[in-house]
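Colleague: Taken in sequence, the protein lines are chains A and B. Quick note: the first sequence uses the UniProt record's numbering, first residue 1, plus one each step. Quick note: the second sequence uses the UniProt record's numbering, first residue 1, plus one each step. Positions of the beta carbon are idealized from the N, C-alpha and C atoms, including for glycine. These figures come from a predicted structure and were not determined experimentally.
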Amino acid sequence: MNAPDDFTDDTRLTPLRLMIMLFVLTLAGALGWAVCSLPAYSSGLAVTALAELSNSGVLNPVTAAVLNYRGYDTLLEIAVLLLAVIGVWSLAQAEPPAAFEPASPVLLSFLRIVLPLMILIAGYLLWIGSFAPGGAFQGGAVLAGVLVLLRLSNQDRAIWSHEVWLRFCLVLGLSVFIAVAVGVMAGGGKLLEYPRAHAGMLILLIESAALISIALTLAALFVGGRALSDEDSSRASDNGVQPE
Amino acid sequence: MDTLQTVFDLVLVLALLWLAWRVLAAADLFKGIVLFIAFGLLMALAWMRLRAPDIALAEAAVGSGITGALLLSGLARLRRLERSAQPHIGSEP
Numbered sequence: 001m002n003a004p005d006d007f008t009d010d011t012r013l014t015p016l017r018l019m020i021m022l023f024v025l026t027l028a029g030a031l032g033w034a035v036c037s038l039p040a041y042s043s044g045l046a047v048t049a050l051a052e053l054s055n056s057g058v059l060n061p062v063t064a065a066v067l068n069y070r071g072y073d074t075l076l077e078i079a080v081l082l083l084a085v086i087g088v089w090s091l092a093q094a095e096p097p098a099a100f101e102p103a104s105p106v107l108l109s110f111l112r113i114v115l116p117l118m119i120l121i122a123g124y125l126l127w128i129g130s131f132a133p134g135g136a137f138q139g140g141a142v143l144a145g146v147l148v149l150l151r152l153s154n155q156d157r158a159i160w161s162h163e164v165w166l167r168f169c170l171v172l173g174l175s176v177f178i179a180v181a182v183g184v185m186a187g188g189g190k191l192l193e194y195p196r197a198h199a200g201m202l203i204l205l206i207e208s209a210a211l212i213s214i215a216l217t218l219a220a221l222f223v224g225g226r227a228l229s230d231e232d233s234s235r236a237s238d239n240g241v242q243p244e
Numbered sequence: 001m002d003t004l005q006t007v008f009d010l011v012l013v014l015a016l017l018w019l020a021w022r023v024l025a026a027a028d029l030f031k032g033i034v035l036f037i038a039f040g041l042l043m044a045l046a047w048m049r050l051r052a053p054d055i056a057l058a059e060a061a062v063g064s065g066i067t068g069a070l071l072l073s074g075l076a077r078l079r080r081l082e083r084s085a086q087p088h089i090g091s092e093p
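1. Does the segment 128-143 of chain A touch the segment 50-68 of chain B, meaning 3 or more C-beta pairs lie closer than 8 angstroms?
2. Using Cβ-Cβ distances below 7 angstroms, what residues of the segment 113-143 of chain A are close to chain B?
3. Listing by chain order, which chain B residues have their CB less than 8 angstroms from the CB of Glu-95(A)?
4. Give, in chain order, every unbroken run of the alpha helix (DSSP H) that is at least 4 residues long and sits entirely within the segment 140-191 of chain A.
5. Interface residues of chain B around Phe-222(A) at Cβ under 8 angstroms?
6. Does the structure place the segment 20-38 of chain B close enough to the segment 62-78 of chain B that three or more beta carbon pairs sit under 8 angstroms?
7. Using a Cβ-Cβ cutoff of less than 8 angstroms, which residues in the same chain neighbour Gly-187(A) once the five nearest sequence positions on both sides are dropped?
8. Nearest-angstrom Cα distance between Leu-91(A) and Ser-130(A)?
9. Would you give the residue range spanned by the alpha helix (DSSP H) that Arg-51(B) belongs to?
10. Would you kindly work out how many angstroms separate the C-alpha atoms of Phe-30(B) and Gly-74(B), rounded to a whole number?
11. Please list, in chain order, the chain B residues whose beta carbon lies closer than 8 angstroms to that of Val-62(A).
12. When you compare only the Cα positions, how much space is there between Leu-38(A) and Asn-154(A)?
13. Rounded to a whole number of angstroms, what is the C-alpha to C-alpha distance between Tyr-72(A) and Leu-192(A)?
14. Which residue from Val-7(B), Leu-24(B), Ala-25(B), Ala-15(B) puts its Cα closest to that of Met-43(B)?
15. How would you write the range of the alpha helix (DSSP H) that Gly-57(A) sits in, first residue to last?
16. So does the segment 172-190 of chain A actually touch the segment 5-13 of chain B, counting three or more Cβ pairs closer than 8 angstroms?
17. Which two residues bound the contiguous alpha helix (DSSP H) that contains Ala-132(A)?
18. Assuming Leu-143(A) contacts Ala-215(A) (C-beta within less than 8 angstroms), just tell me the rounded distance between them.
19. Less than 8 angstroms between CB atoms is the rule here; does Leu-57(B) satisfy it with respect to chain A?
20. Counting only Cβ pairs nearer than 9 angstroms, list the residues of chain B close to Gly-145(A).
21. Using a Cβ cut-off of 9 angstroms, pull out every chain B residue sitting near Leu-218(A), in sequence order please.
22. At the level of alpha carbons, what is the spacing between Met-21(A) and Arg-12(A)?
23. Are Val-24(A) and Thr-217(A) close, meaning C-beta to C-beta below 8 angstroms?
24. Where does Arg-12(A) sit, in a helix, a strand or coil, going by DSSP?
Structure below.
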């Protein structure tokens, strides 16, 4: 482990580093100047956003912006998350579960108490997103925490071994979002232009599907590779690696 | 009350800047990740003080929680790779 030590001990001021330092300082100065030159108070688009709130189908202005006014951005964000999983799965395979230590009884008892609560909180965050701070991304992250805890305690084999279901759930959010986005065009609207009467329902539908996909996506990134299917596991055990 | 809030904000800003520096300067990757998680939690507090509870929730759940877990799992994988590449390396810190 020589490389990191060399790296930390070397604090000489070489010409290159001097240039980088000057560049960063200039950048910091320019950013500071830009912030200072902003008007002290600016309503921006907030007035328009709040005025249109009654047409958006939800009562929380942030959810309205994320899923109604700027729905296209969110659609692409969910597509990016899916692409990230595809990228990770193409690069690596998940570590075999034997690499983790067996879960301690204390951890397992703790999980029995905390996991139902976390799932409840994820659902609550999704639901409350229509009225107050919350939404699919926050709820999805909490649900991903459930999957990460299951991974750490070696209890998640049932989740990652059903590859068809796993893939179905990973693309569910994007598929439902695209289906709704295109589906509203059948009623004569433009892409992502929800009819006013059904906007709240459609947003909740998109968010529910997105919650599942986001949770699985984040957990799949934590697992760090394509999960071993049953055939892969038996092949690995033939090679001397003990599967769970 | 206002003075108390100003002092709180000031301490928060100083703690954030100090933590950010410690994250960047940490030679030990594990220490850096733990400091990054702490930074994320304080950042969520800062978003609350800026009255942006939506971003505070996202920062605490995604920025601090999931990203921290991702970094730790990445570090574990990195160490396993190092160990298999250089079997003579002994104990881990």
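Modeller: According to the structure shown:
1. yes
2. Using a CB distance below 7 angstroms, the part of the segment 113-143 of chain A facing chain B consists of Pro-133, Gly-134, Phe-137, Gln-138, Ala-141, Val-142, ordered along the chain.
3. Taking the first sequence and counting its residues from 1, one reaches residue 95(A) at position 95. Result: Arg-77, Arg-80.
4. 157-160, 163-183
5. Here residue 222(A) is taken as the residue at index 222 of the first sequence, counted from 1. Within 8 angstroms Cβ-Cβ: Ile-66, Ala-69, Leu-70, Ser-73.
6. When Cβ pairs closer than 8 angstroms are counted between the two stretches, the segment 62-78 of chain B is seen to touch the segment 20-38 of chain B, the count reaching three or more.
7. For this step, residue 187(A) is matched to residue 187 along the first sequence. Correct list, in chain order: Pro-195.
8. Position 91 of the first sequence holds residue 91(A). Position 130 of the first sequence holds residue 130(A). Looking at the two C-alpha atoms, the distance is approximately 38 angstroms.
9. Taking the second sequence and counting its residues from 1, the one referred to as residue 51(B) is at position 51. From DSSP, Arg-51(B) is part of no alpha helix (DSSP H); its letter is neither H nor E.
10. For the purposes of this step, residue 30(B) is taken as residue 30 along the second sequence, with counting starting at 1. For the purposes of this step, residue 74(B) is taken as residue 74 along the second sequence, with counting starting at 1. The straight-line gap from Cα to Cα measures roughly 11 angstroms.
11. Your numbering for residue 62(A) matches position 62 in the first sequence. For a Cβ distance threshold of 8 angstroms, residue set Asp-54 of chain B lies close to Val-62(A), ordered along the chain.
12. Position 38 of the first sequence, counting from 1, holds the residue named residue 38(A). Position 154 of the first sequence, counting from 1, holds the residue named residue 154(A). Near 51 angstroms, if we compare the C-alpha coordinates of Asn-154(A) and Leu-38(A).
13. For the purposes of this step, residue 72(A) is identified with residue 72 of the first sequence, where counting begins at 1. For the purposes of this step, residue 192(A) is identified with residue 192 of the first sequence, where counting begins at 1. One C-alpha to the other measures close to 7 angstroms.
14. Start at 1 with the first residue of the second sequence, and residue 43(B) comes out as number 43. Among Val-7(B), Leu-24(B), Ala-25(B), Ala-15(B), the Cα nearest to that of Met-43(B) belongs to Ala-15(B).
15. Walking along the first sequence from the start, residue 57(A) turns up at place 57. Where Gly-57(A) is concerned, there is no enclosing alpha helix (DSSP H), given that its DSSP letter is neither H nor E.
16. no
17. Position 132 of the first sequence, counted from the start, is the residue given in the question as residue 132(A). No alpha helix (DSSP H) holds Ala-132(A); DSSP gives it neither H nor E.
18. Taking the first residue of the first sequence as position 1, residue 143(A) is located at position 143. Taking the first residue of the first sequence as position 1, residue 215(A) is located at position 215. About 4 angstroms; that satisfies the 8 angstroms criterion.
19. Taking the first residue of the second sequence as position 1, residue 57(B) is located at position 57. So, interface residue.
20. Here residue 145(A) is taken as the residue at index 145 of the first sequence, counted from 1. By Cβ distance, chain B contributes Ala-61, Gly-65, Ile-66, Ala-69.
21. If you number the first sequence from 1, residue 218(A) lands on position 218. Those are Val-62, Ile-66, Ala-69, Leu-70, listed as they occur along chain B.
22. Here residue 21(A) is taken as the residue at index 21 of the first sequence, counted from 1. Here residue 12(A) is taken as the residue at index 12 of the first sequence, counted from 1. Distance from the CA of Met-21(A) to the CA of Arg-12(A), rounded to the nearest whole angstrom, comes to 13 angstroms.
23. Taking the first residue of the first sequence as 1, we reach residue 24(A) at position 24. Taking the first residue of the first sequence as 1, we reach residue 217(A) at position 217. For Val-24(A) and Thr-217(A), no; Cβs fall outside 8 angstroms.
24. Here residue 12(A) refers to the residue found at position 12 of the first sequence. Looking at Arg-12(A) - three-state DSSP - the assignment turns out to be coil, as it is neither helix nor strand.
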